[in-house]
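Numbering (the working numbering), first residue to last: 58 to 435. To start, the structure under review is shown below, and the notes come after it.
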Ligand SMILES: NC(=O)c1ccc[n+]([C@@H]2O[C@H](COP(=O)([O-])OP(=O)(O)OC[C@H]3O[C@@H](n4cnc5c(N)ncnc54)[C@H](O)[C@@H]3O)[C@@H](O)[C@H]2O)c1
């Protein structure tokens, strides 16, 4: 297949590119390094600094891979690349993925909304105008649903009202501007799909953890840059960095907040499943992409228990919650669709936590303790 990967230098984009490169696809990778630039602007650093994209691509066996530095929110540049490549499928990761960054202030909030909506709008309009058969695979987030007091379905819900029934998008209630941008994306995509008979898969993913796209990879050129800072790090990755750095794991508020989590290995497997099972024409296929549900307290306890086995003594500290969010709530989300299509989850075992910790320990000198504590609150 001819596949475009937008946001190919990111935490998920680079491992996805590496995995798809082994499958003989023709790939066009796109990124404008906006995350790298934002990290610099806010004095945050990832744990790894990758070599240039072009030198990493040369290390891959597949020679049908090109990279272009293009801003997906710029229609002229993006549409030119789309038209000349004419993809069969596009994997869209090119968004600003941070709740705390989006809530930092007016500039950051608008930058998130503008970047994410423009990138999504440019892509769906290119598909409509130039290649309506192209399958778009878009990353959404479980955070779009919020924490409703009913079970969370996979994207859609049947509503019965005054003796009539209709299927609607499952209600969405964001808790940050970042999550709001993802809800707006979903609405936009559903609008285009139903008007123009397009095919879109929207993956409602939970927070991702890990560093490898599969267990056999050890060459760090194929690992993504790994963020652990307060703006771009995800909770479990941050906890393991805190543990290795000998500082307490920062549990926000009561720690009873429950979410669905997923290993990076499974993110890549789900992308492969989505590629093999394209949405039908006129259909917005939505999957809940997580494998296990944990409270923040459970995550912290799991890290403490696992790392005791390798003599890392983990401290846990509850701090004032910097976010406005429910700390005690019902949470029961469905995640059957990916499993029905063949996903065998890689679960959060002690070995998985130890493996991530050993990778972090190897780079312990690069940990900057000043960028870990939360500085953005709302
Ligand atoms: N990492 C997670 O835990 C997680 C969980 C749920 C959903 N997601 C979603 O998955 C996607 C990827 O997340 P990630 O963690 O890899 O983020 P990331 O920030 O590491 O990667 C995104 C990449 O896209 C690039 N990018 C952003 N805007 C761009 C633009 N306008 N033009 C070109 N490139 C652009 C960035 O430079 C970056 O390299 C996002 O849409 C995010 O919302 C991530």
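From the three backbone atoms N, C-alpha and C, an ideal C-beta is built for every residue, glycine too.
Between the C-alpha atoms of residue 325 and residue 375, what's the straight-line distance to the nearest angstrom?
Taking the first residue of the chain shown as 1, we reach residue 325 at position 268. Taking the first residue of the chain shown as 1, we reach residue 375 at position 318. Their backbone Cα atoms lie some 33 Å apart in a straight line.
Enumerate in chain order the residues of its own chain whose CB-to-CB distance from residue 200 is below 6 Å, with the five nearest sequence positions on each side excluded.
Looking up residue 200 in the chain shown gives position 143. These residues qualify, in order along the chain: 236.
Flag residue 204 as yes when its Cβ comes closer than 7 Å to any non-hydrogen atom of ligand 3, and as no otherwise.
This structure lacks ligand 3; the ligands present are ligand 1.
Rounded to a whole number of angstroms, what is the C-alpha to C-alpha distance between residue 496 and residue 363?
A query on residue 496 cannot be resolved here, the shown segment of the chain reaching from 58 to 435 and no further.
Beta-carbon proximity check, residue 344 vs residue 394, cutoff 8 Å:
Residue 344 sits at position 287 when you count from the first residue of the chain shown. Residue 394 sits at position 337 when you count from the first residue of the chain shown. Cβ atoms of residue 344 and residue 394: closer than 8 Å.
Applying the criterion that 16 or more other CB atoms from any shown protein chain within 10 Å of the CB defines a buried residue, is residue 71 buried or exposed?
Residue mapping note: residue 71 aligns to position 14 of the chain shown, counting from 1. Buried, because 16 or more other Cβ atoms sit within 10 Å of the Cβ of residue 71.
By the 10 Å Cβ neighbour count, where 16 or more other Cβ atoms means buried, how is residue 257 classified, buried or exposed?
The count along the chain shown starts at 1 and reaches residue 257 at position 200. Result: buried.
Beta-carbon within less than 8 Å of residue 188's beta-carbon, same chain only, minus the 5 sequence neighbours each way: which residues are those?
To locate residue 188, count along the chain shown from 1; it is residue 131. Around residue 188: 139, 143, 144.
Heavy atom of ligand 1 within 7 Å of residue 210 beta-carbon
If you number the chain shown from 1, residue 210 lands on position 153. No; taking the cut-off as 7 Å, the Cβ of residue 210 has no heavy atom of ligand 1 nearer than that.
Among 147, 240, 204, 96, whose alpha-carbon lies nearest the alpha-carbon of residue 173?
By 1-based counting over the chain shown, the position of residue 173 is 116. Looking at the Cα atoms, 240 is the closest of the given residues.
DSSP has residue 192 in a bridge; who is on the other side?
Locating residue 192 in the chain shown gives position 135, where the first residue counts as 1. DSSP output for residue 192 lists 146, 256 as bridge partner(s).
Decide yes or no for the touch test of the segment 292-305 against the segment 214-234: beta carbon pairs closer than 8 Å, at least 3 of them.
no
For the beta strand (DSSP E) that contains residue 161, what are its first and last residues?
Your numbering for residue 161 matches position 104 in the chain shown. Premise fails: residue 161 is in no beta strand (DSSP E) and is neither H nor E.
Going by Cα to Cα distance, which pick from 183, 153, 342 is closest to residue 135?
By 1-based counting over the chain shown, the position of residue 135 is 78. Checked all of 183, 153, 342; the closest Cα to residue 135 is 183.
Outcome for residue 141 when other beta-carbon atoms lying within 10 angstroms are tallied against a minimum of 16
Against the chain shown, residue 141 aligns to sequence position 84. Residue 141 should be labelled exposed.
Let's see if you can read the secondary structure: which residues bound the beta strand (DSSP E) around residue 221?
Taking the chain shown and counting its residues from 1, the one referred to as residue 221 is at position 164. Where residue 221 is concerned, the enclosing beta strand (DSSP E) stretches over 221-226.
Which residue wins for smallest C-alpha separation from residue 406, given the options 423, 392, 355?
Taking the first residue of the chain shown as 1, we reach residue 406 at position 349. Nearest of 423, 392, 355 to residue 406, Cα basis: 355.
How many whole angstroms separate the CB atoms of residue 176 and residue 288, which I take to be in contact at a CB cut-off of 8 Å?
If you number the chain shown from 1, residue 176 lands on position 119. If you number the chain shown from 1, residue 288 lands on position 231. With 8 Å as the limit, residue 176 and residue 288 do not qualify as a contact, their Cβ atoms being about 19 Å apart.
Within a Cβ cutoff of 8 Å, which residues of the same chain sit near residue 271, ignoring the five residues on either side of it in sequence?
As a working mapping, residue 271 is identified with position 214 in the chain shown. Correct list, in chain order: 76, 322, 325.
Could you check whether the segment 420-430 touches the segment 89-105, counting it as contact only if at least three pairs of C-beta atoms, one from each stretch, sit closer than 8 Å?
yes
Count the C-beta pairs between the segment 303-313 and the segment 376-393 that are closer than 8 Å, then say yes if the count reaches three, no if not.
yes
Residue 165 Cβ short of 7 Å to ligand 1 heavy atom set
Taking the first residue of the chain shown as position 1, residue 165 is located at position 108. Not under cutoff, so the answer is no.
Nearest by alpha-carbon distance to residue 63: which of 113, 79, 128 is it?
Indexing the chain shown from 1 puts residue 63 at position 6. That would be 128, whose Cα lies nearest to the Cα of residue 63.
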